[in-house]
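Down below is the structure, laid out as C-alpha cells.
In the numbering used here, the protein residues as written are 1 to 363.
Here it is, written out as C-alpha cells:
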C-alpha cells in the first residue's frame with residue numbers, strides 16, 4: 001500500500017444529539033405527552049434518516065452520538081436520583097423496566113439507518129455529566145440532570161446497570177457489527193474523576209468519582225465490549241473511551257484498560273500541538289472531537305485556520321497519520337460548533353480526492 005493511499009483521513013461528525021439525554025428510551029412524560037408519543041417519535045426518526053442520508057451524500061463515514069448522556073430520562077419521578085443527607089443516591093432501573101426495551105428499539109433503528117446509508121456509528125453510552133451533582137430541573141415531574149454517579153461507585157449497581165443497559169445494546173450491535181466503528185463507554189471521564197493525590201487542589205464538587213471507581217467502571221464496561229466475538233473468534237468491534245485530551249490516553253494507560261480504539265478530543269488547550277499518531281494500524285487512535293469554529297487557532301497551523309478552519313485542520317490531522325477525525329458538530333449549540341453550507345462545502349472539498357488520487361483509506 002502506498003504512503004499516499006494509507007494516509008487518507010476518514011472524516012466523521014458528532015451528531016451529537018437531537019434532544020440531549022432523551023433521544024433514546026422513553027422521554028419524560030412531562031415533556032412529551034404520552035398520547036402524542038408515536039407522532040413525536042416518528043418525527044424524530046424522519047429527522048435522523050434525513051440527516052444521516054445528508055452525511056452519507058457528503059462523504060462523511062461515521063456519526064458519533066451521545067446516548068444516555070447525563071441520564072435525564074433514565075429514571076424520572078420516583079425513580080430519579082435523590083438527595084439524602086447531602087449526597088445524591090440513585091438505583092439503576094430494574095431489568096423489566098419498559099425504558100430498556102424502548103432504548104433497544106431506538107438504538108436498533110439508528111443502526112438500521114446506518115446500514116441503509118452506509119454510515120458507521122460510534123455510540124457513546126454516558127457523558128461525564130451523568131456523574132455531576134444532581135440538578136433538579138423540573139421539580140413537579142421529578143426530572144434530574146446528573147446525580148447518577150453511584151452507578152460507577154457502587155460495584156453492585158454498576159453490574160446491574162451494565163447487565164441491563166450495556167449488554168442488550170451489545171447484543172444488538174453484534175448483528176450490525178460492520179456498522180459499528182467503535183463502541184464508546186463514556187465521554188471525557190477526566191472531568192468528574194478525583195485523583196488520590198493533590199486532593200486539596202480538587203475542590204470541584206462535580207468530581208464525584210474516585211479514580212479507582214472510574215477505572216473499575218471502565219475496565220468492566222470495556223471488558224464486556226471486548227468480549228463480544230465473531231464465530232471465528234475475532235473481535236466484533238473496537239472499544240473506546242472519549243478522553244478529553246491526548247495526554248490522558250497515556251496517563252490513564254488506555255491500553256491496560258483494554259481500550260482497543262484510543263480516542264481523544266482536541267480544542268487546542270494550552271496551545272499545545274497534537275502529536276503525530278504513533279499507534280499501530282490495528283489500534284486505530286482517532287480524534288473524536290475538534291472544533292469547527294475558530295474557537296482557538298491550532299498552534300501548528302500558525303493562524304491559517306482562522307477564516308475557514310475545517311480544511312487546514314483536517315489536512316493537519318491527515319499529515320499526522322490519524323485514521324479518522326470527527327467534526328464537532330452537526331447539531332450542538334455552542335461556541336465550538338459551526339455547521340453552515342460553507343462548512344459543508346469545505347468538508348466535501350477535502351473529502352473529494354483530486355484527479356489521479358484513489359481516495360482509499362485505512363480500514
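Using N, Cα and C, we set each Cβ at its ideal position, and we do this for glycine too.
Note that the structure is a prediction, hence the values are computed from the model and not measured.
For the ligand MN, is there a heavy atom less than 7 angstroms away from the beta-carbon of residue i?
i	result
residue 266	Judged by which ligands are present, the structure shown has none, so any question about the ligand MN falls away.
Across which residues does DSSP place residue i in a beta bridge pair?
i	result
residue 286	263
residue 194	210
residue 88	83
residue 184	124, 240
residue 143	138
residue 229	235
According to the Cβ coordinates, are residue i and residue j closer than 8 angstroms?
i	j	result
residue 91	residue 157	yes
residue 222	residue 258	yes
residue 373	residue 226	Limits of the chain in this structure are 1 at one end and 363 at the other, which puts residue 373 out of reach.
residue 298	residue 316	yes
residue 182	residue 237	yes
residue 131	residue 208	yes
residue 245	residue 168	no
residue 287	residue 321	no
residue 339	residue 294	no
residue 72	residue 134	no
residue 142	residue 78	yes
residue 128	residue 191	yes
residue 34	residue 331	no
residue 24	residue 103	yes
residue 254	residue 241	yes
Measure how close the beta-carbons of residue i and residue j come, nearest whole angstrom, since I'm counting them as under 8 angstroms.
i	j	result
residue 326	residue 14	5 angstroms
residue 193	residue 114	Incorrect: roughly 31 angstroms between the Cβ atoms, too far for contact.
residue 262	residue 249	5 angstroms
residue 98	residue 26	7 angstroms
residue 170	residue 229	Actually they are not in contact, since the Cβ atoms of residue 170 and residue 229 sit about 11 angstroms apart, beyond 8 angstroms.
residue 324	residue 12	6 angstroms
residue 308	residue 346	6 angstroms
residue 336	residue 267	6 angstroms
Q. Does the count of Cβ pairs from the segment 205-223 and the segment 179-194 closer than 8 angstroms reach three?
A. The segment 179-194 and the segment 205-223 touch, with three or more beta-carbon pairs separated by less than 8 angstroms.
Q) So does the segment 301-320 actually touch the segment 13-21, counting three or more Cβ pairs closer than 8 angstroms? A) At 8 angstroms Cβ cutoff, the stretches do not touch.
Q | Contact between the segment 122-130 and the segment 54-69 (3+ Cβ pairs under 8 angstroms) | A | yes
Q | Segments assigned beta strand (DSSP E), at least 3 residues, entirely inside the segment 279-343 | A | 286-291, 324-328
Q: Go through the segment 3-89 residue by residue and report every complete run of the beta strand (DSSP E) that reaches 3 residues or more, in order.
A: With a minimum length of 3 residues, the continuous beta strand (DSSP E) runs that stay inside the segment 3-89 are 10-14, 62-69, 82-84, 87-89.
Q | Stretch pair the segment 43-54 + the segment 106-120: three plus CB contacts closer than 8 angstroms | A | yes
Q | Segment contact flag, the segment 53-61 with the segment 342-351, C-beta cutoff 8 angstroms, min 3 pairs | A | yes
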